[in-house]
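This report concerns only the one structure given below.
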Amino acid sequence: MEKARPLWANPLQFVFACISYAVGLGNVWRFPYLCQMYGGGSFLVPYIIMLFVEGMPLLHLELAVGQRMRQGSIGAWRTISPYLGGVGIASVVVSFFLSMYYNVINAWAFWYLFHSFQDPLPWSVCPLNGNRTGFEEECEKASSTQYFWYRKTLNISPSIQDNGSVQWEPALCLILAWLVVYLCTLRGTESTGKVVYFTALLPYCVLIIYLVRGLTLHGATNGLVYMFTPKMEQLANPKAWINAATQIFFSLGLGFGSLIAFASYSEPSNNCQKHAIIVSLINSSTSIFASIVTFSIYGFKATFNYESCVNKVILLLTNSFDLEDGFLTASNLEQVKGYLASTYPSRYSEVFPQIKNCSLESELDTAVQGTGLAFIVYTEAIKNMEVSQLWSALYFFMLLMLGIGSMLGNTAAILTPLTDSKVVSSHLPKEAISGLVCLINCAIGMVFTMEAGNYWFDIFNDYAATLPLLLIVLVETVAVCFLYGLRRSRLVLCLPQFAFSHHPPNVLYLSGQLVTKDYPPYALAVIGLLVASSTMCIPLVALRTFVMRCLRRGGDTAHVA
C-alpha cells in the first residue's frame with residue numbers, strides 16, 4: 130500500500146515556507162543596488178508593473194502545478210506530458226548547482242558572525258606589518274573591510290588559474306552550514322515546517338531593529354533622499370525594465386522547482402491563487418523595506434566618509450598655511466581653497482597633490498551589489514557605529530536566517546523528486562537521501578573555499594541559473610498555455626525578458642586593487658557546460674520520449690501483422 134503524502138500542518142505553514150524561500154539575500158543586496166543604478170524612486174514603476182504582469186502569474190502557475198499534481202518538479206511535468214519530463218530534470222540540475230554555491234554565502238555569514246564578538250571588530254583596523262613599523266601595505270591600499278574580506282576570509286589568489294589550497298576555517302563554516310541545512314530537512318515537511326517560522330519571521334525583527342537604528346544615524350536622510358529622488362529619464366531606459374523583470378523573476382525563485390515541491394505538500398483544496406498574491410506582495414514589500422534600511426545605513430557610511438575626507442583636508446590646509454583653528458570649516462572650504470590658491474600659488478601647488486576631492490554625491494554614487502554590499506559596505510558602516518559588535522551580530526544573524534530559508538527551498542527542489550522516485554525511496558529512507566544530497570553538495574562546495582574559490586563562485590552565480598531558468602519558465606508557460614489554454618488555466622502570462630549580451634567580467638583582486646580580466650578558455654568551457662548540462666535535458670528527454678513512442682508503435686504494428 131502506497132504511503133500517504135505528507136502535508137504541511139496548516140496553510141499558514143506553507144505560506145511561511147514560500148516566504149522564507151522567496152525572501153532572501155537578493156532582497157537585501159540586489160534590489161537596493163538596482164534602485165541606486167536606475168533612478169531610485171523611478172525604478173519602482175517598472176518593478177511594480179513587472180510584479181503584476183510577470184511575478185504573480187508565474188508564481189501562480191508553479192504553485193498550481195505542484196498542488197494539482199502533488200509531486201516534485203520531475204513527476205509533475207512528466208504527468209502533464211511525458212515530453213515535459215526534461216523540464217523537471219533541468220530544474221533539479223539548476224537547483225543542485227545553486228545549492229552548491231549558495232550555501233557558501235551562509236558559511237561566510239557564520240564566519241563573520243563568529244568574529245562579531247571581538248573587540249575591536251577584526252575588519253575595523255588594518256593589521257600591523259611583519260616588522261611592526263606600520264600597517265599592512267595591501268590593507269592601506271584598499272581598506273580594512275576589503276582587506277578582511279579578500280585576504281582574511283577568502284585569502285584570494287591573483288587569478289582563477291592559481292587554485293591554491295582549501296582554507297580550513299571557511300571550510301569548517303561550510304560544513305556547519307550544511308549540517309544546519311541537513312537538520313532542517315531531516316524529516317521533510319515535519320522538520321522544515323517548524324524551521325520556516327523562524328527563518329521567515331526573525332529577519333523582519335532584525336530589519337525593524339536596524340530600521341530604528343538606521344534612521345537615527347547621522348547622515349541617514351542623505352541616503353533616503355538619494356534613494357527616493359526619482360530620475361524620470363530612467364523610465365525610457367530598457368535596461369531598467371529588463372532588470373526589474375529579472376529581479377522579480379529571481380527574487381520569487383521561479384523555475385527552480387522549489388515552489389512546485391512546496392506546493393505538492395499542500396491540500397488540493399488550498400487557494401493557491403490567493404497564496405501567490407500574498408507571497409508576491411510580501412516579497413516585493415520586503416525588498417522596498419530592506420532598501421530603506423540599506424540606504425539609511427548607506428547614507429551614514431557616505432556621510433561619515435565625506436566628513437572624514439573634509440576634516441583631513443581642513444587639517445592639512447590649517448597646518449600648511451598656519452591658519453587659526455576654526456577659521457576653515459566645511460561650509461567655507463571651497464572659498465578658502467580658492468583664496469589660498471590665488472594668494473599663495475607656489476605653496477598651494479606643493480600642498481595640492483595631498484588635497485583630496487571630497488564629494489558626498491560621489492560617495493552615494495558608488496554602486497555595489499552582492500557580496501560586496503553584504504560583506505564590505507555594511508561592515509564598513511557597522512564598524513563606525515556605537516556598540517558595533519551588537520549590530521554586527523544582528524546583521525549576520527539576519528543574513529543566516531535569509532540564507533538558510535532560501536536553502537530549504539533549494540534542497541526541497543532536489544529532495545522532493547528523489548523521495549517521490551520509487552527507485553530511490555525503495556532503497557533509502559528520506560533521512561539518508563537528505564544526508565547524501567547534503568554530503569555531496571558539501572564535498573563539491575569545498576571548491577569555493579579554495580584560494581581561487583571566489584572566482585568559481587562568481588562563475589556559478591552569473592551563469593548556472595540565468596539562461597537555463599529562462600528556458601525552463603519559457604517551456605513551462607508555453608506548455609501550460611498549449612495544453613490547458615489561457616482561459617482554463619486562468620493565467621495572464623508575461624514571459625520574462627532578459628538580456629544576455631552582457632557577460633560579467635572576471636574581477637581579480639591584486640595587491641589591494643580590483644582589476645578586470647577575461648576568463649581563460651577552460652573557465653569558458655565550464656560556463657558552457659553549466660548552461661548545457663541543464664538546458665539540454667529538455668530537448669533530450671523530449672526526443673527520447675518521441676523515439677520510444679515510435680519504437681513502441683512499430684513493435685505493436687509488427688505484433689499485429
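Quick note, the sequence shown lines up with residues 130 to 690 if you use our numbering. C-beta: ideal position from N, C-alpha, C; glycine also.
With 16 or more other CB atoms across the displayed protein chains lying within 10 angstroms of its CB, M198 is buried.
By the beta-carbon neighbour count (other beta carbons within 10 angstroms, threshold 16), M361 is exposed.
I148 and I533 have their C-alpha atoms spaced approximately 12 Å apart. The beta carbons of S554 and T545 sit no closer together than 8 Å. In chain order, F525 place their CB closer than 6 Å to the CB of Y241, counting only its own chain and leaving out the 5 sequence neighbours on each side.
Counting along the chain, W237 sits inside the alpha helix (DSSP H) bounded by residues G214 to H244. Around the beta carbon of G582, a 10 Å sphere encloses 16 or more other beta carbons of the protein chains shown; the residue is thus reported as buried. Note that the C-beta distance between I377 and L180 is below 8 Å.
DSSP places V516 in the coil class of the three-state scheme, outside both helix and strand. Pairing I421 with L346 gives a Cβ-Cβ distance that is not under 8 Å. Restricting attention to alpha helix (DSSP H) runs no shorter than 4 residues, the stretch 173-199 encloses them at 173-179 and 185-198, ordered along the chain. Listed as beta-bridge partners of M677 by DSSP are no residues whatsoever. Residue state for M579 is assigned as strand, using DSSP reduced to three classes. Cβ-Cβ separation between A459 and V439: approximately 5 Å, consistent with a contact (criterion under 8 Å). Fewer than three Cβ pairs drawn from the stretch 489-508 and the stretch 191-205 lie within less than 8 Å of each other, which leaves the two stretches out of contact. Rounded to the nearest whole angstrom, the CA to CA distance from Y176 to Y326 is 28 Å. Out of L187, Y427, Y468 and G322, the CA that lies nearest to the CA of G348 is found in Y427.
Judged by beta-carbon spacing, V223 lies beyond the 8 Å limit of F379, meaning their Cβ atoms are not closer than that value. Note on geometry: alpha-carbon atoms of F239 and S395 lie some 33 Å from one another.
The beta carbon of V221 is closer than 7 Å to those of S202, I203, G386, A542, I543 and P546 in its chain, skipping five residues each way along the sequence. Within the stretch 372-441, the complete alpha helix (DSSP H) runs of at least 4 residues fall at 387-392. For N351, the enclosing alpha helix (DSSP H) covers residues A349 to F357. The C-beta of E492 has 16 or more other C-beta atoms within 10 Å across all chains shown, which makes the residue buried. Straight through space, the alpha carbons of C334 and T508 are spaced by roughly 20 Å. In this structure, the beta-carbon distance from V310 to A151 does not fall below 8 Å. Secondary structure of L457 (DSSP, three-state): coil.
Burial is judged here by how many other beta carbons sit within 10 angstroms of a residue's own beta carbon; E463 has fewer than 16 and is exposed.
About 5 Å separates the CB atoms of M229 and G574; that is less than 8 Å, so the two are in contact. F450 sits in coil when the DSSP states are folded into three classes, being neither helix nor strand.
Assigned with DSSP and collapsed to three states, V152 falls in coil, not helix or strand. Rounded to whole angstroms, the separation of the alpha carbons of I406 and L598 is 22 Å.
Rounded to the nearest whole angstrom, the CA to CA distance from F225 to L523 is 29 Å.
Annotated three-state conformation of L346 is coil, per DSSP. Judged by beta-carbon spacing, T674 lies within the 8 Å limit of P211, meaning their Cβ atoms are closer than that value.
The residues Y435, C438, V439 and V442, in chain order, have a CB closer than 7 Å to that of C487 in the same chain once the five nearest residues on each side in sequence are set aside.
Counting every other CB atom within 10 Å of its CB across the protein chains shown gives V233 a total of 16 or more, marking it as buried.
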